[in-house]
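The block underneath contains the structure these notes are about, expressed in structure tokens.
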Amino acid sequence: MLRTRNERGERLGALLRQARGERSMVQIAAAANLSAETLRKIETGRAPTPAFFTVAALASVLGLSLDELAELCAPVAEEGPDLLSA
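So this is what it looks like as structure tokens:
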């Protein structure tokens, strides 16, 4: 089953919220040069497709790898024949 855009946004938000831990939303947002409201929207999934540079800034501030975030939030591939092996 493929993850929808909203499901990926919710997953990204949850990962960022978990990485933020006890740190203040205002503190993290300021360090990433974002408003606290923008971070709030991303963390709650209300902004399911934030801009790449927004995610990159947050990942940097939170010490996260973009590769890891992409892997954890990417659509889940459906099981089926390998289309490249034809």
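The numbering of the sequence shown is our numbering, which starts it at -12 and goes up by one. The C-beta atom is built at its ideal place from N, Cα and C for all residues, glycine as well.
Judged by DSSP in its simplified three-state form, GLU(-6) adopts helix. Burial check for ARG(-5): the Cβ neighbour count within 10 Å reaches 16 or more, so the residue is buried. DSSP places THR25 in the helix class (H, G or I) of the three-state scheme.
Annotated three-state conformation of THR36 is coil, per DSSP. For ALA57, the three-state secondary structure derived from DSSP is helix. Between the region 53 to 63 and the region 14 to 26, the count of C-beta pairs closer than 8 Å stays below three; the two stretches do not touch.
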